[in-house]
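Everything on this sheet refers to the single structure shown next.
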Amino acid sequence: MIHRILNQFSFKGRITRGQYVVSLIIFYVFVYPLTLIEKHYELSEDGKGIVGLFIIPFIIFILVKGARRCHDRGNSGLYQFIPGYFFFMVFGDSDYGVNKYGPNPKGEGNDTFNTTTDQFQNALMSTMLHSDHCRHCGHQHCNCNKKR
């Protein structure tokens, strides 16, 4: 349970358009009332600071989700600060398959790519080399005890 909550604040990985839009809705559902409270009531400077403290985790949350959405499109999380890029984040499709930020969250194309560099290199070597080479390690006469 704690791991799932902490994962919501992790910059690693990718999220889909739908997950990003849900994150935006969650952000506005919680932050908008806080800003209304701050504006409606004449809060002292201390009161405004307390409201600000409640908003900070939501700002971090939406920045994390924006970075992960950028990752899904194959870009750095800093792209979310480019004016107008928001529309690509909301309406643009995911990169197909695995990219440098992880597997496709929709599962599309993940089976055509290996998730680790070593697996990819070994698969590439096995297709390039003759059939008497091990497809797992690439050596001609290996003792890796894996089925050919």
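With my numbering, letter number 51 in the sequence shown gets 937, and the count goes up by one each step, no holes.
Each residue gets a CB set at the ideal place from its N, CA and C atoms; glycine is no exception.
Judged by DSSP secondary structure, Asn996 falls outside any alpha helix (DSSP H); it is assigned neither H nor E. Here Ile901 is buried: its Cβ has 16 or more other Cβ atoms, across all protein chains shown, within 10 Å.
Here Phe897 is not near Phe916, since their CB atoms are 8 angstroms or more apart. DSSP places Gly988 in the strand class (E or B) of the three-state scheme.
The C-beta distance from Ile923 to Val937 rounds to 6 angstroms, short enough to meet the 8 angstroms contact threshold. The alpha-carbon separation between Thr921 and Val907 amounts to approximately 21 angstroms. The beta carbons of Gly904 and Tyr987 sit no closer together than 8 angstroms. For Met975, the enclosing alpha helix (DSSP H) starts and ends at Tyr971 to Phe977. DSSP, reduced to helix, strand and coil, places Tyr965 within a helical segment of the structure shown.
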